[in-house]
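Numbering (this note's numbering), first residue to last: 36 to 207.
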(Lines of atoms letter the chains of each structure in order from A and count residues from 1; the text may use other names and numbers.)
(Lines give C-alpha, C1' and ligand atoms only; values in the text may rest on other atoms or scores of the structure.)
Protein backbone atom coordinates (compact mmCIF):
# COMPACT_ATOMS: atom_id res chain seq x y z
CA UNK A 1 0.00 0.00 0.00
CA UNK A 2 2.76 2.49 -0.79
CA UNK A 3 2.08 6.03 -1.94
CA UNK A 4 -1.20 6.61 -0.17
CA UNK A 5 -2.37 8.81 2.67
CA UNK A 6 -2.66 6.15 5.37
CA UNK A 7 -2.61 7.67 8.85
CA UNK A 8 -3.42 4.50 10.77
CA UNK A 9 -3.91 0.80 10.17
CA UNK A 10 -6.25 -1.34 12.22
CA UNK A 11 -5.71 -5.02 12.68
CA UNK A 12 -8.62 -7.40 13.08
CA UNK A 13 -9.05 -11.10 13.74
CA UNK A 14 -10.13 -11.52 10.11
CA UNK A 15 -6.83 -10.25 8.70
CA UNK A 16 -4.84 -12.50 6.46
CA UNK A 17 -2.11 -13.48 8.90
CA UNK A 18 0.05 -15.18 6.29
CA UNK A 19 1.41 -11.97 4.73
CA UNK A 20 5.16 -12.14 4.24
CA UNK A 21 5.62 -8.61 2.89
CA UNK A 22 4.09 -5.36 4.08
CA UNK A 23 4.98 -2.18 2.26
CA UNK A 24 3.61 1.02 3.81
CA UNK A 25 6.20 3.48 2.49
CA UNK A 26 5.22 6.98 1.42
CA UNK A 27 2.22 7.32 3.70
CA UNK A 28 1.39 9.49 6.68
CA UNK A 29 1.73 6.99 9.50
CA UNK A 30 2.71 8.56 12.84
CA UNK A 31 3.37 5.26 14.61
CA UNK A 32 4.18 1.67 13.80
CA UNK A 33 0.94 -0.27 13.33
CA UNK A 34 0.27 -2.98 15.93
CA UNK A 35 -0.17 -5.94 13.62
CA UNK A 36 -0.13 -9.67 14.22
CA UNK A 37 1.63 -11.17 11.20
CA UNK A 38 3.80 -14.01 12.48
CA UNK A 39 5.09 -14.93 9.00
CA UNK A 40 6.11 -11.41 8.04
CA UNK A 41 9.67 -11.21 6.71
CA UNK A 42 9.75 -7.83 4.90
CA UNK A 43 8.41 -4.69 6.61
CA UNK A 44 8.85 -1.29 4.97
CA UNK A 45 7.61 1.78 6.85
CA UNK A 46 9.95 4.28 5.23
CA UNK A 47 8.97 7.82 4.32
CA UNK A 48 6.21 8.24 6.86
CA UNK A 49 5.90 10.54 9.87
CA UNK A 50 6.80 8.05 12.58
CA UNK A 51 8.39 9.91 15.48
CA UNK A 52 8.29 7.37 18.30
CA UNK A 53 8.57 3.62 18.61
CA UNK A 54 7.78 1.43 21.56
CA UNK A 55 9.41 -1.78 22.70
CA UNK A 56 6.25 -3.72 21.78
CA UNK A 57 6.01 -2.54 18.16
CA UNK A 58 7.58 -5.74 16.80
CA UNK A 59 6.12 -8.22 19.31
CA UNK A 60 3.99 -10.03 16.71
CA UNK A 61 6.44 -9.86 13.82
CA UNK A 62 9.24 -11.96 15.28
CA UNK A 63 10.27 -13.60 11.99
CA UNK A 64 10.89 -10.33 10.17
CA UNK A 65 14.23 -10.26 8.35
CA UNK A 66 14.08 -6.81 6.76
CA UNK A 67 12.90 -3.61 8.49
CA UNK A 68 13.03 -0.20 6.86
CA UNK A 69 12.20 2.81 9.04
CA UNK A 70 14.24 5.30 7.04
CA UNK A 71 13.10 8.84 6.34
CA UNK A 72 10.89 9.23 9.39
CA UNK A 73 11.23 11.49 12.43
CA UNK A 74 12.65 9.05 14.95
CA UNK A 75 14.69 10.71 17.71
CA UNK A 76 15.45 7.66 19.84
CA UNK A 77 14.99 3.92 20.08
CA UNK A 78 13.90 2.07 23.22
CA UNK A 79 16.51 -0.28 24.63
CA UNK A 80 14.47 -3.42 23.90
CA UNK A 81 12.96 -2.41 20.55
CA UNK A 82 14.84 -5.11 18.59
CA UNK A 83 15.12 -7.84 21.21
CA UNK A 84 12.50 -10.17 19.68
CA UNK A 85 13.82 -9.88 16.12
CA UNK A 86 16.20 -12.84 16.22
CA UNK A 87 16.07 -13.35 12.43
CA UNK A 88 16.65 -9.71 11.48
CA UNK A 89 19.21 -9.45 8.67
CA UNK A 90 18.81 -5.91 7.41
CA UNK A 91 17.85 -2.77 9.33
CA UNK A 92 17.56 0.67 7.76
CA UNK A 93 17.17 3.59 10.15
CA UNK A 94 18.78 6.20 7.92
CA UNK A 95 17.52 9.76 7.54
CA UNK A 96 16.07 10.14 11.01
CA UNK A 97 17.03 12.26 14.03
CA UNK A 98 18.50 9.53 16.25
CA UNK A 99 21.19 10.93 18.52
CA UNK A 100 22.08 8.01 20.77
CA UNK A 101 21.93 4.22 20.85
CA UNK A 102 21.85 1.91 23.83
CA UNK A 103 25.04 -0.13 24.20
CA UNK A 104 23.27 -3.48 23.88
CA UNK A 105 20.55 -2.56 21.37
CA UNK A 106 21.76 -5.12 18.78
CA UNK A 107 22.70 -7.94 21.20
CA UNK A 108 19.78 -10.20 20.24
CA UNK A 109 20.15 -9.63 16.48
CA UNK A 110 22.77 -12.27 15.83
CA UNK A 111 21.74 -12.63 12.15
CA UNK A 112 22.11 -8.91 11.38
CA UNK A 113 24.17 -8.47 8.19
CA UNK A 114 23.44 -4.92 7.08
CA UNK A 115 22.82 -1.82 9.18
CA UNK A 116 22.20 1.67 7.81
CA UNK A 117 22.18 4.48 10.38
CA UNK A 118 23.38 7.19 8.01
CA UNK A 119 22.02 10.73 8.13
CA UNK A 120 21.14 10.79 11.81
CA UNK A 121 22.48 12.83 14.73
CA UNK A 122 24.72 10.20 16.34
CA UNK A 123 27.69 11.67 18.22
CA UNK A 124 29.28 8.53 19.66
CA UNK A 125 29.21 4.77 19.44
CA UNK A 126 29.93 2.48 22.34
CA UNK A 127 32.78 0.07 21.69
CA UNK A 128 30.42 -2.72 22.78
CA UNK A 129 27.51 -1.81 20.49
CA UNK A 130 28.25 -4.62 18.01
CA UNK A 131 29.59 -7.08 20.57
CA UNK A 132 27.15 -9.83 19.59
CA UNK A 133 26.80 -8.94 15.89
CA UNK A 134 29.51 -11.06 14.32
CA UNK A 135 27.58 -11.54 11.04
CA UNK A 136 27.57 -7.85 10.17
CA UNK A 137 28.94 -7.26 6.68
CA UNK A 138 27.85 -3.67 6.01
CA UNK A 139 27.63 -0.76 8.45
CA UNK A 140 26.76 2.70 7.23
CA UNK A 141 27.15 5.42 9.85
CA UNK A 142 27.99 8.20 7.40
CA UNK A 143 26.66 11.74 7.71
CA UNK A 144 26.25 11.78 11.46
CA UNK A 145 28.09 13.82 14.09
CA UNK A 146 30.37 11.08 15.41
CA UNK A 147 33.54 12.45 17.01
CA UNK A 148 35.20 9.39 18.54
CA UNK A 149 35.42 5.89 17.14
CA UNK A 150 36.64 3.05 19.34
CA UNK A 151 38.21 0.26 17.34
CA UNK A 152 35.08 -1.86 17.82
CA UNK A 153 34.87 -2.73 14.14
CA UNK A 154 38.05 -4.83 14.40
CA UNK A 155 36.03 -7.52 16.18
CA UNK A 156 33.65 -7.92 13.24
CA UNK A 157 35.26 -10.69 11.20
CA UNK A 158 32.75 -10.56 8.32
CA UNK A 159 32.69 -6.79 7.96
CA UNK A 160 33.23 -5.82 4.31
CA UNK A 161 31.96 -2.22 4.23
CA UNK A 162 32.26 0.40 6.95
CA UNK A 163 31.09 3.87 5.98
CA UNK A 164 31.96 6.70 8.35
CA UNK A 165 32.44 9.59 5.93
CA UNK A 166 31.00 13.04 6.62
CA UNK A 167 31.18 12.83 10.39
CA UNK A 168 33.12 14.98 12.87
CA UNK A 169 35.71 12.30 13.68
CA UNK A 170 38.72 13.69 15.52
CA UNK A 171 40.15 10.51 17.00
CA UNK A 172 40.35 6.83 16.08
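By construction, the Cβ of each residue, glycine as well, lies at the ideal position given by its N, Cα and C atoms.
Could you pull the start and end residues of the beta strand (DSSP E) that residue i belongs to?
| i | result |
| --- | --- |
| residue 125 | 125-127 |
| residue 78 | 77-79 |
| residue 150 | 149-151 |
| residue 56 | 56-58 |
| residue 193 | Careful: residue 193 lies outside any beta strand (DSSP E) and carries neither H nor E. |
| residue 103 | 101-103 |
| residue 174 | 173-175 |
Please go through the same chain and pick out, in chain order, the residues whose beta-carbon is closer than 6 Å to the beta-carbon of residue i, but skip the five residues on each side of it.
| i | result |
| --- | --- |
| residue 139 | none |
| residue 78 | 57, 99, 102 |
| residue 124 | 100, 146, 148 |
| residue 44 | 68 |
So, at 7 Å on beta carbons, what are the nonlocal neighbours of residue i in its own chain, with the 5 sequence-adjacent residues on each side left out?
| i | result |
| --- | --- |
| residue 87 | 66 |
| residue 55 | 74, 75, 76, 77 |
Look at the Cβ atom of residue i, then the Cβ atom of residue j, and state whether they are nearer than 8 Å.
| i | j | result |
| --- | --- | --- |
| residue 127 | residue 142 | no |
| residue 132 | residue 99 | no |
| residue 97 | residue 115 | no |
| residue 158 | residue 177 | no |
| residue 136 | residue 165 | no |
| residue 95 | residue 72 | yes |
May I have the straight-line CA-CA distance separating residue i from residue j, to the nearest angstrom?
| i | j | result |
| --- | --- | --- |
| residue 52 | residue 81 | 22 Å |
| residue 122 | residue 170 | 12 Å |
| residue 181 | residue 198 | 12 Å |
| residue 93 | residue 153 | 22 Å |
| residue 155 | residue 168 | 21 Å |
| residue 39 | residue 161 | 39 Å |
| residue 68 | residue 175 | 27 Å |
| residue 188 | residue 163 | 10 Å |
| residue 70 | residue 201 | 37 Å |
Got a sec? Which residues, its chain only, sit under 8 Å from residue i by beta carbon, not counting five neighbours each side?
| i | result |
| --- | --- |
| residue 84 | 63, 64, 65, 107, 108 |
| residue 172 | 148, 149, 193, 194, 195, 196 |
| residue 105 | 81, 82, 127, 128, 129, 130, 131, 151 |
| residue 184 | 160, 199, 204, 206, 207 |
| residue 117 | 93, 123, 126, 140, 141, 143, 144 |
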